[in-house]
Structures are given as structure tokens and as C-alpha cells.
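Numbering (numbering that gives the first Met the number 0), first residue to last: 0 to 340.
C-beta atoms are modelled at their ideal positions from N, C-alpha and C, and glycine is treated no differently.
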Amino acid sequence: MEPAYDRNMSLSSFNTSGTSQSYEDYYDVILDTPLESDVSEFNRMRALNEFATLFSSISFLVHVVVLFALVVLNVYVIIVILKNEKLKRAKVTRGIVHFAVFSIIVNISYPLYKLLLEIFLWRYSSWSVFCWEKQSEVTGIMSLYLCSFALAFGWLINVRCSTVKPIYQKLNDHIFSIIYSICILKLITDYFVCIDAIVILNNLFEAAICLFVIIFLLVCHCKRRYCDKGKNYPLAVATIIVVCWIPSFICDLLHEIFGHNYTMGFILFIADSCLKFVSYGSSAIVVAWLCKVNKEFKEAFCNTCCFNCCKAKNSHPDIEGFGKYTDNENNQDKNGLQSDA
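Below you can see the structure in the form of C-alpha cells.
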């Protein structure tokens with residue numbers, strides 16, 4: 000917002016009654032009689048601030064409720080997959096387990112920070128706690144991008160390569176262990192060293208990983224034209240994860256560029272608050288998509304449901320596959336999950 004008066008204006012140029020004013024009179028008049036345009040600008044900014052405060056409070060409450068529901072959903076997905084031996088053998092569902100773990104890290108970071116701040120009253124170290132919370136969230140988001148890369152990389156070497164080099168196969172076998180090691184090391188480092196330089200470096204690193212994963216997925220999609228549709232589950236899951244997080248990434252990037260502008264920052268704040276629901280809900284979108292396209296996953300997910308409301312009907316057991324299928328069309332779903340087992 001522009002200043003209420005020209006700070007470079009000389010005292011001699013300020014004269015309202017034809018006589019010179021004293022230094023104190025100059026500032027008394029400035030503070031007591033602001034210009035009409037400044038009053039309207041102040042009122043506009045105050046109205047925007049009041050609306051932003053109300054919106055932020057409502058958004059925070061909804062945010063916490065949604066995050067709690069997503070954490071419960073992710074835990075439920077992990078339990079369902081680990082209890083089902085057939086799903087646990089498929090690499091794509093094992094990847095979803097790791098994806099759910101990383102989603103939990105992202106979803107609990109902010110509520111846990113607010114809870115610790117209120118219970119333990121970490122007011123005097125609020126910056127260090129806030130910095131570590133934000134970097135924990137950044138670590139979780141980076142892990143989601145790396146998880147997408149792991150799923151796409153496993154799809155690429157299993158579908159496009161008839162003979163895989165040992166180094167690529169070892170990387171594919173241990174890629175999630177490498178991701179966990181990177182995350183743990185980063186969390187420990189951020190806990191002890193969380194300064195502006197490290198934060199800027201982490202943000203740049205997150206942006207670089209995001210751009211790299213996007214380019215890698217585009218390359219994979221260019222190579223999937225000659226593959227069977229049923230073999231593309233890992234690539235599709237990786238794409239859904241990245242697509243859900245791209246809008247939030249763009250908002251953060253625009254905020255770094257245009258955040259100094261009050262109006263633009265306000266618009267980006269509203270947009271980012273809405274788009275974060277899509278980003279944080281990426282795990283729910285992945286589960287809904289898999290339930291829609293693969294009946295084995297849908298059966299495993301719904302049969303353990305407390306309400307048992309969506310059991311598949313008219314199905315028969317398939318000894319070789321992962322569950323029950325009603326027709327030949329469903330075998331494509333089964334083969335898609337089995338291809339990476």
C-alpha cells in the first residue's frame with residue numbers, strides 16, 4: 000500500500016494557512032487529517048483483512064478436519080493392502096503403501112505443529128518450531144514426488160526393457176529405502192539447522208525435483224503408446240499424484256514472485272487454500288481411481304469396510320489372480336496388477 004504522505008516533502012512546502020508550520024504541527028496535521036484517497040484505501044485494506052481473517056479461520060477448521068479424515072484413510076489403505084496377500088505382492092500396491100506413509104507425514108505436519116504450540120506453549124521458540132514444521136511438510140511433498148518417480152521408474156524398466164541392467168534393477172529394488180533414508184536425514188538436519196539459507200535451498204531443491212519428475216513422466220507417457228492398458232497402473236498412479244500437486248506448486252511459485260503485491264498475494268492465498276484440498280487429497284483420489292478401474296482392489300478395500308456396503312456381486316474366485324472376477328474384461332485389471340508383482 001502506498002504511504003499516507005510523501006516522506007520526502009519538505010516542511011517549507013507544507014503550508015495550509017499561508018504561514019509556515021512548526022515541525023510538530025506538520026505531523027499533527029498529517030496524522031489527524033489524512034487525505035481522502037488514503038482513507039478509502041485504508042478502509043478497503045481493512046475490509047480485505049477482515050475477510051481474509053474470517054476465511055483463514057474457517058479454512059483452518061475445515062483443513063484440520065479434512066487432514067484428520069485423510070490420515071484415517073491412509074492408515075486404512077495401508078492396513079487393507081498389508082492384510083491382503085494378493086495385493087501385497089503387486090508392486091503398484093506396495094508403492095501405494097509408501098505413498099500413504101508419505102501422505103501421512105504431509106497431512107499431520109501442520110496440525111501437529113499447532114497442537115504442540117498450544118499444549119507446550121513453545122512461544123519463545125516459535126520460529127524454530129515453525130521452520131521445522133514447514134520443512135517437514137516440504138520433506139513430505141518431496142517424498143511424494145520421489146514416490147511418483149519410483150513408480151514410474153519401475154514401470155519403465157519392467158515394460159520397456161527386455162533385459163534390465165543390474166544397477167537399474169538394484170535401484171528399483173531399493174528405491175523406496177533410499178527415499179526413506181533421504182527423508183530421515185533431511186528431517187534430522189532441519190531440526191538442528193533451520194535458517195533462511197537452508198530454507199531457500201530446500202525450496203529450490205523441491206522445485207528441481209518437481210520439474211524433474213514432471214519431465215520424466217512426460218517421457219514415460221511418450222513411451223506407453225505401445226503398451227497394454229492393463230500394464231500402466233504404476234504410471235497412472237504416479238501421474239495422478241503429480242497432477243494433484245502441480246496447482247499448489249504453481250501457487251507457491253507465483254507467491255514467491257508476486258507475493259509483495261497485497262492484492263495479488265490475497266488472490267493467491269485464496270486460490271492456494273482451495274487447491275491444497277486437492278493436493279492433500281491426492282491419496283483419496285488415487286484410492287477412488289483404483290477402486291473404479293480395478294475390481295480386485297475395490298473388493299479388498301470394501302470387504303474390510305465396517306459397513307460392508309460395496310461388495311462385488313456375481314463373482315467367482317480366481318486362483319491364479321488376485322481375487323474375484325466376473326468376466327474376461329476384468330482379467331485385464333488383474334494382469335495389470337500382476338505385471339509388476
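Practice problem: Assign residue 260 to buried or exposed, taking buried as 16 or more other Cβ atoms, counted over all protein chains shown, within 10 Å of its Cβ. | Solution: Reading the sequence shown from its first residue, position 261 is the one you call residue 260. With fewer than 16 other beta carbons inside 10 angstroms of its own, residue 260 counts as exposed.
Exercise. Report buried or exposed for residue 298, applying the criterion of at least 16 other Cβ atoms within 10 angstroms of its Cβ.
Key: Here the question's residue 298 lines up with position 299 in the sequence shown. So residue 298 counts as buried.
Quiz item: Which residues in the same chain as residue 272 place their Cβ atom closer than 6 Å to its Cβ, once the five residues preceding and following it in sequence are excluded?
Solution: Counting from one through the sequence shown, the residue named residue 272 turns up at place 273. The beta carbon of residue 272 lies closer than 6 Å to those of 58 in the same chain, with the five residues before and after it left out.
Quiz item: Over what stretch of residues does the alpha helix (DSSP H) that includes residue 259 continue unbroken?
Solution: If you number the sequence shown from 1, residue 259 lands on position 260. Here residue 259 belongs to no alpha helix (DSSP H), and DSSP marks it neither H nor E.
Practice problem: With a floor of 3 residues, list each beta strand (DSSP E) that falls wholly inside the region 149-235, ordered by position along the chain. | Solution: none
Quiz item: In whole angstroms, what separates the C-alpha of residue 46 from that of residue 262?
Solution: On the sequence shown, residue 46 is found 47 positions in, with the first residue counted as 1. On the sequence shown, residue 262 is found 263 positions in, with the first residue counted as 1. Cα-Cα distance, rounded: 12 Å.
Quiz prompt | Segment limits, alpha helix (DSSP H) that includes residue 283 | solution = Position 284 of the sequence shown holds residue 283. For residue 283, the enclosing alpha helix (DSSP H) has its first and last residue at 281-292.
Self-check item: Residues near residue 175 by beta carbon distance below 7 Å, same chain, minus five either side
Solution: Working through the sequence shown from its first residue, we reach residue 175 at position 176. Same-chain partners within the cutoff: 97, 149.
Exercise. Please report the Cβ distance between residue 178 and residue 145, rounded to the nearest whole angstrom; I am assuming they are in contact, meaning their Cβ atoms lie under 8 Å.
Key: Along the sequence shown, read from residue 1 onward, the residue named residue 178 stands at position 179. Along the sequence shown, read from residue 1 onward, the residue named residue 145 stands at position 146. Rounded to whole angstroms, the Cβ separation of residue 178 and residue 145 is 5 Å, and the two are in contact under 8 Å.
Quiz item: Applying the criterion that 16 or more other CB atoms from any shown protein chain within 10 Å of the CB defines a buried residue, is residue 152 buried or exposed?
Solution: Locating residue 152 in the sequence shown gives position 153, counting from the first residue. Under this definition residue 152 is a buried residue.
Practice problem: Any chance you could list the alpha helix (DSSP H) runs of at least 4 consecutive residues sitting entirely within the region 70-119, in chain order? | Solution: 84-88, 90-118
Quiz item: Should the region 64-84 be called in touch with the region 94-114, which here means at least 3 C-beta pairs below 8 Å?
Solution: Contact holds: three or more Cβ-Cβ distances are below 8 Å.
Quiz item: Out of curiosity, what's the CA-to-CA distance linking residue 86 and residue 50?
Solution: Sequence index remark: in the sequence shown, residue 86 carries index 87 (1-based). Sequence index remark: in the sequence shown, residue 50 carries index 51 (1-based). Rounded to whole angstroms, the separation of the alpha carbons of residue 50 and residue 86 is 48 Å.
Quiz item: Out of 203, 267, 284, which has the shortest C-alpha to C-alpha gap to residue 138?
Solution: For the purposes of this step, residue 138 is identified with residue 139 of the sequence shown, where counting begins at 1. The shortest CA-to-CA distance from residue 138 to any of 203, 267, 284 is the one to 203.
Practice problem: Using beta-carbon positions only, say whether residue 239 and residue 284 come within less than 8 Å of one another. | Solution: Translated into positions along the sequence shown, residue 239 becomes position 240. Translated into positions along the sequence shown, residue 284 becomes position 285. Cβ distance < 8 Å, so residue 239 and residue 284 count as in contact.
Quiz item: How many Å lie between residue 231 and residue 170 at the Cα?
Solution: Looking up residue 231 in the sequence shown gives position 232. Looking up residue 170 in the sequence shown gives position 171. For residue 231 and residue 170, the distance between alpha carbons rounds to 20 Å.
Practice problem: With a 10 Å radius around its C-beta and 16 neighbouring C-beta atoms as the bar for buried, classify residue 64 as buried or exposed. | Solution: Numbered from its first residue, the sequence shown carries residue 64 at position 65. Result: exposed.
Quiz item: Rounded to the nearest angstrom, how far is the Cβ of residue 102 from that of residue 73, given a contact under 8 Å?
Solution: Locating residue 102 in the sequence shown gives position 103, counting from the first residue. Locating residue 73 in the sequence shown gives position 74, counting from the first residue. Yes, residue 102 and residue 73 are in contact; Cβ-Cβ is about 5 Å, under 8 Å.
Exercise. Answer yes or no: do residue 219 and residue 131 have a C-beta to C-beta separation smaller than 8 Å?
Key: For the purposes of this step, residue 219 is identified with residue 220 of the sequence shown, where counting begins at 1. For the purposes of this step, residue 131 is identified with residue 132 of the sequence shown, where counting begins at 1. Taking 8 Å as the Cβ cut-off, residue 219 and residue 131 do not qualify as a contacting pair.
Quiz prompt | residue 282 and residue 244 closer than 8 Å at C-beta | solution = Taking the first residue of the sequence shown as position 1, residue 282 is located at position 283. Taking the first residue of the sequence shown as position 1, residue 244 is located at position 245. Not a contact, by the Cβ cut-off of 8 Å.
Quiz item: Using the rule of at least 16 other Cβ atoms within 10 Å of the residue's Cβ for burial, across every protein chain shown, is residue 296 buried or exposed?
Solution: The count along the sequence shown starts at 1 and reaches residue 296 at position 297. By the neighbour-count rule (16 or more Cβ atoms within 10 Å), residue 296 is buried.
Quiz prompt | Contact set for residue 250: own chain, Cβ-Cβ below 7 Å, skip 5 residues either direction | solution = Your numbering for residue 250 matches position 251 in the sequence shown. Here the set comprises 267, 270, 271, 274.
Quiz item: With a Cβ-Cβ cutoff of 8 Å, do residue 110 and residue 66 count as a contact?
Solution: The residue you call residue 110 lines up with position 111 of the sequence shown. The residue you call residue 66 lines up with position 67 of the sequence shown. A contact, by the Cβ cut-off of 8 Å.
Exercise. Report all residues from its chain with a CB closer than 7 Å to the CB of residue 253; omit the five preceding and five following residues, and keep chain order.
Key: The residue you call residue 253 lines up with position 254 of the sequence shown. Around residue 253: 267.
Self-check item: Rounded straight-line distance, which links the Cα of residue 233 to that of residue 206
Solution: Taking the sequence shown and counting its residues from 1, the one referred to as residue 206 is at position 207. Taking the sequence shown and counting its residues from 1, the one referred to as residue 233 is at position 234. Residue 206 and residue 233: Cα-Cα distance of roughly 23 Å.
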